[in-house]
Structure formats: structure tokens, C-alpha cells
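One structure is given here, and the rest of the page talks about it.
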Amino acid sequence: MYGQPIRVSELDTNFKHEVMAHEAAHDITACFSCGTCTVGCPIHEAYPEYDPRKLARMVNLGMRERVLSSSYIWYCATCHTCELRCPQNVKFFSVLNVLKNMAAKEGYAPPSWVNQTQQVMKTGIVFATEEAWVERREELSLCPLKGDGEEAAKLMRLTGVGEIQPRAQL
Ligand code: SF4
Ligand code: SF4
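Quick look at the structure:
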């Protein structure tokens, strides 16, 4: 995603407006690229190539395809530090959620996320339960793990989440 020259022909000037249409992401154009979000981001500390400031800039420039197809938008640890520290009141965490929803609708959700979604739709539980866990819970007199896949599937179909499919190249 990074390091490639930007071609004016690939820019979509409407992209930021699409993002801003979501109330929580409305202030994205107020970003003045100070980098405060990046220096406070724990994921940036672990993976320096993950850069919220750069992603915000790319959105404002209209780099739609590169942003939505980027695996970086899925790195966020949802800690909200970027939002708390932004001097321009940009809700970058919310911007990321908007981007992830857009990316998922366009088939860019990573297969691991899609698999997890399908698992929830099937069982109502995020992770597949293993026989050993079930036995261990019984030994410890803990209640059995119960999910309601039917209810989860109903909600996901209503919100469109159930339609998400991964792209082969991701
Ligand atoms: S802290 Fe706010 S203004 Fe600064 S780069 Fe990040 S989003 Fe932009
Ligand atoms: S919410 Fe995400 S992008 Fe923002 S600081 Fe935390 S990990 Fe980084």
C-alpha cells in the first residue's frame, strides 16, 4: 500500500464525502496530519508500518481503492487513544469502523474475519468450542457454553453482515 507513487487518475475525490456521511467520521477532513494519533497508537509501536496519520491522509486524498483493500485498516486494537489525543477532534477509531464496513461490503474483509462471522452465525459463539474445553468446564462445575446461532444469524442478516464474503487474493 505504501511507497507506491500516487497517481491523480486513481484518486476518488468523493471518497472522503462517503466517509463523512457517517456522523462519527464527520470530522476526518479536519485532520492536519500532526501525527499525534500515530505516536500514541500501541499498534504503531508494535508495527511501525501501521500509521493512522497516513491512513487519514489517504482518505482525505481520495485513495479509495488502496485504503479499502489495505490489510492495515483491520490492525486497530480499538483502544480509542487516537481519538482521545487528536487536537482536531477527529474520531479516527470511528473512521476505521466506517472504512472496515465499506471494505467488507466490497469484498475486502480478511478471510479470518469472515470465518469468525460465519462461526457466530452458526453457533452464536465467536470461537469454535473444543471437546476438551467442554470436559474441562464440566470438571470445574462451570455451566456449559451456550450460544444462539439462530438469533445471531437473524441479526447479521438484518444488518447485512451475513452477506460478507472474502476476496480470494486477501
Ligand atoms: S491526531 Fe488528529 S489531526 Fe493529528 S494526524 Fe491524527 S487524525 Fe489527524
Ligand atoms: S483505536 Fe486503533 S488506531 Fe486508534 S490508537 Fe488505538 S489501536 Fe491505534
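Numbering (the numbering used here), first residue to last: 139 to 308. Glycine included, every Cβ here is placed at the ideal spot set by N, Cα and C.
Length of the line joining the Cα atoms of residue i and residue j
i      : j      : result
Cys224 : Lys192 : 14 Å
Met158 : Gly173 : 20 Å
Glu244 : Thr255 : 16 Å
Leu199 : Ala163 : 15 Å
Phe170 : Gln226 : 8 Å
Tyr188 : Ile181 : 7 Å
Ser209 : Trp271 : 32 Å
Phe231 : Asn253 : 23 Å
Gln257 : Ile263 : 7 Å
His155 : Leu278 : 54 Å
Val146 : Arg204 : 13 Å
Ala241 : Thr261 : 25 Å
Cys214 : Asn239 : 14 Å
Cys217 : Gln142 : 29 Å
Glu148 : Met201 : 7 Å
Leu308 : Pro248 : Low confidence applies to Leu308: its pLDDT is 39, below 50, so where it sits in the model is not reliable enough to give any reading.
Ile144 : Ala194 : 15 Å
Thr287 : Glu269 : The amino acid at residue 287 is misidentified as Thr; the sequence shows Gly. Distance between the alpha carbons of Gly287 and Glu269: 18 Å.
Ala306 : Pro186 : Interpretation of Ala306 is limited by its pLDDT of 45, a score under 50 that renders its predicted location unreliable; the figure taken from the coordinates is listed afterwards. Taking the straight line from one Cα to the other gives about 27 Å.
Candidates the options, of which the one nearest residue i by Cα
i      : options                        : result
Ala266 : Ala159, Glu289, Gly285         : Gly285
Trp310 : Trp271, Val299, Tyr185         : Because residue 310 is not part of the residues shown, which for the chain are 139 to 308, the question remains open.
Phe153 : Cys175, Ala184, Met196, Ile181 : Met196
Glu161 : Arg274, Pro186, Lys229, Lys292 : Lys229
Thr176 : Glu221, Ala242, His155, Glu277 : Glu221
Thr167 : Cys217, Val233, Val146         : Val233
Leu283 : Pro190, Arg275, Pro249         : Arg275
Tyr246 : Trp212, Thr219, Glu273         : Trp212
Thr219 : Met259, Pro248, Glu183, Val236 : Glu183
Asp150 : Pro190, Asp165, Leu206         : Leu206
Asn235 : Glu268, Glu273, Pro190         : Pro190
Element boundaries [alpha helix (DSSP H), containing residue i]
i      : result
Arg275 : 269 to 277
Gln254 : 249 to 261
Glu183 : 180 to 184
Lys154 : 153 to 158
Glu288 : 287 to 297
| Along the chain, which unbroken stretches of the alpha helix (DSSP H) at least 4 residues long are found entirely within the segment 189 to 255? | 190 to 199, 202 to 206, 219 to 223, 230 to 243
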